[in-house]
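In full-length UniProt numbering, the protein residues as written are 1 to 882.
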């Protein structure tokens, strides 16, 4: 994976140059600067325009492999030097041993190798051979569906929606976009619509062209003219401009339907959009694309129609009809149906996978024993291995990715099947692996989020859980996952040790992800001096504290074994000074020596016991640290320094702190001052144990320090206070602890009166508010239009709220609200009717609420429908009353 390795090498060289005191003498420093310049030129080649058109050339592929290998060797050498530098006591000794003639020769050799590679790339002259937009002539039309070859299942609702858009209002020219991943049925749906008799009758002229990844404008115009032209003229002698003009004239005054199948970029649409006249006669253009951004660009006013996965029943129906046809004997066999359903479920709703499996089944006898044998062996890799066509379809999406996304996508293969990956974990790993190219002034996390959204828009990553405006978890379809595994192995990006793998290759892998039990390999201690990542999933064994002692992982960047438990902290990990991401489960305190991990970006520690722990003060000696995630009761104290002299240490890069314990003894003004750029804070709040008025008062006083955190955007406070005290914080008005730039706030068990919620409404940037159990108490909440002007998501969870009223001021509350959730409101009898009048409101959800609340929500929806607003969704979900 050349681009990822070049990006990583650049980051490593930049870190080497920034070391203080610098171990590189001026003469050697110039050599490294020269090397950095050469690497920068290589990265410019990958980022440069026109690179995609040469990506399939064999010389380019060979050179990319060479760049990858040279970059890896260079980085290995540089990080070995940095490892020795960090572990030696004498700078002079290091300079003599590692920065002498031997290093000079190695750097010179690497520089020469990179120079040769770049010269080779510059010398290659490749004439791209764009594929035709279509096949020309009448055979560009998709062939009508037959009952056996092109079976259509589960598209009835999609068909009706698209057909209605094509034949209904508006009368002006409109574009209908169909979006979805490769193999999900976009073209199948478009074909069914294109050949429908009513569609044929409605449109005077119809044309179908397949655009594909590399289209040629001239071919595209010629193919469209083949269907639309009514005159005879010499098209071969015409320029592209003359062809475009002729196409416009041939469509003028006629109601037409143009289908542009498989569009990959906006340029194809921009090249022909002016050729389609708007005569207000109901003409339409229908496009299909795998890329959301392209579909939205083509029609920014109407969202594209997104294809869904098939249900298990639909998958079985498609499989049955493709393999068995209408044979009543086979279709009604209970054993065959049970086995067939089992096979269909393994396709995870992807029509392409179902069709590929049907091809496999068509080669065996339709008997329970034969189908059972297939069912036992079939999995996502079986589908792709048996069908070159399936692999080619999936490879199209991958090959069309820009270089900076390829490694991020293939990395998804590292996670086990059916695993929903927390987004925060994924982007932290991408950053630690060196896949993210920093684009100032954006942060690494911001760029990583953009990468993730781009992959989602390209239908390559699936969205799992959402939290209002952001994706919380994501996953990948099993068929795509297997493609990632095979391609990542071929590209030497990572190696996955699957479950029950009898023999684990001891090759030199840079990234190893275990889907089996590491403990099974502990007898021989897997050793690899060039390993960068060591991850494990789905395990629960106990490892020895000395497990990593002699494994030679001196260049390791990522160590994620949080699914295993260590009795104590494995002290050998402290020697892994290149670690950027560390995730462990331990039953002891963190050692002070954790501060030796100077390159650590993400620290994840799960404590298995319930006793109170403390993060060591030496944590303030880790200036690169960006994210701390801890599970358990964990206190964080400020370093003991003189603040008046302004010589205290600051974690200036720390952005995330979840979930620490705040008490009356540890959360001070000084602590807040040491984390000035914190963006996300999640805390458990406890008293010292006395629960008296003085103790509770001081907790509120400590929380006042939060108002100084100007960078904080997300705040989650979970209180642990005595239920008998009705106003434990002496009201939120005196607390006044909310940072000015807060966007998301979650409160739980704060036991505040509803009248004090007005303070929250004054937060100018608040967009998400979650009021969980006992955050506010009392039977009545009165709101008005004076606050919450930016609030888009509101969750109210209250077991004693009876009346939610709107003050009679002529307006309505929450003017920007889009999503309202009421949960466990067992006594609620009144909801402001003005809620339904909020123009932006899209969804109201009621989870285990009173019948009164459900009836009122339904009335609000009916009133909106009567007034012409049919967009408001109201749903009822019954949860366990716990």
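All C-beta atoms, glycine included, are put in the ideal place defined by N, C-alpha and C. Computed from a prediction, not measured in an experiment: that's the story for all the values here.
CA nearest to the CA of residue i, picked from the options
i           : options               : result
residue 495 : 222, 512, 865 and 481 : 512
residue 650 : 637, 634, 673 and 661 : 673
residue 528 : 189, 159 and 556      : 556
residue 15  : 795, 801, 78 and 530  : 78
residue 372 : 359, 356, 391 and 341 : 341
residue 320 : 345, 305 and 299      : 345
residue 746 : 780, 187 and 795      : 795
residue 676 : 207, 712 and 748      : 712
residue 737 : 626, 707, 515 and 716 : 707
residue 637 : 819, 260 and 614      : 614
residue 705 : 300, 671 and 716      : 671
residue 291 : 458, 593 and 834      : 458
residue 348 : 843, 417, 400 and 298 : 417
residue 410 : 461, 786 and 668      : 461
residue 508 : 553, 81 and 474       : 553
According to DSSP, residues forming a beta bridge with residue i
i           : result
residue 745 : 715 and 769
residue 873 : 843
residue 684 : 661 and 718
residue 210 : 261
residue 753 : 777
residue 798 : Its beta-bridge partners do not exist; DSSP assigns none.
residue 497 : 514
residue 783 : 806
residue 613 : 634
Local conformation of residue i per DSSP, three classes
i           : result
residue 409 : helix
residue 261 : strand
residue 320 : helix
residue 161 : helix
residue 584 : strand
residue 631 : strand
residue 433 : helix
residue 676 : coil
residue 256 : strand
residue 739 : coil
residue 393 : helix
residue 838 : coil
residue 425 : helix
residue 470 : strand
residue 305 : strand
residue 462 : strand
residue 830 : strand
residue 104 : Bear in mind that a pLDDT of 49 at residue 104, under 50, signals an unreliable position, so the number given afterwards is only what the model happens to contain. If DSSP states are grouped into helix, strand and coil, residue 104 belongs with the helices.
residue 759 : helix
Proximal residues to residue i (C-beta, below 8 Å), its chain only, five neighbours per side dropped
i           : result
residue 523 : Summary for residue 523: the model assigns pLDDT 44, below 50, so the residue's position carries little reliability; its value from the coordinates is reported in the next sentence. Contacts found: none.
residue 562 : 583, 584, 585, 604 and 606
residue 472 : 422, 423, 464, 465 and 466
residue 652 : 623, 676 and 677
residue 40  : 10
Same chain, Cβ closer than 6 Å to residue i, neighbours up to 5 away in sequence not counted
i           : result
residue 255 : 203, 204, 281, 282 and 283
residue 436 : 430, 444, 447 and 448
residue 433 : none
residue 889 : The question about residue 889 has no answer here: the residues shown for the chain are numbered 1 through 882.
residue 744 : 714 and 768
residue 780 : 803
residue 845 : 821 and 875
residue 323 : 358, 361 and 362
Residue i, enclosing alpha helix (DSSP H) - first and last residue
i           : result
residue 286 : Counting along the chain, residue 286 falls outside any alpha helix (DSSP H), though it belongs to the beta strand (DSSP E) covering 284–289.
residue 558 : Careful: residue 558 lies outside any alpha helix (DSSP H), inside the beta strand (DSSP E) at 558–560.
residue 858 : 851–866
residue 806 : Taken as a continuous stretch (DSSP letters only), residue 806 belongs to no alpha helix (DSSP H), being part of the beta strand (DSSP E) at 803–806.
residue 239 : Element bounds for residue 239: n/a, residue is neither H nor E.
Bounding residues of the beta strand (DSSP E) (the contiguous stretch that carries residue i)
i           : result
residue 177 : 174–179
residue 475 : 473–475
residue 533 : 533–536
residue 707 : Element bounds for residue 707: n/a, residue is neither H nor E.
residue 606 : 602–607
residue 822 : 819–823
Nonlocal neighbours in the same chain, by C-beta distance under 7 Å from residue i, ignoring five residues either side
i           : result
residue 217 : 240 and 271
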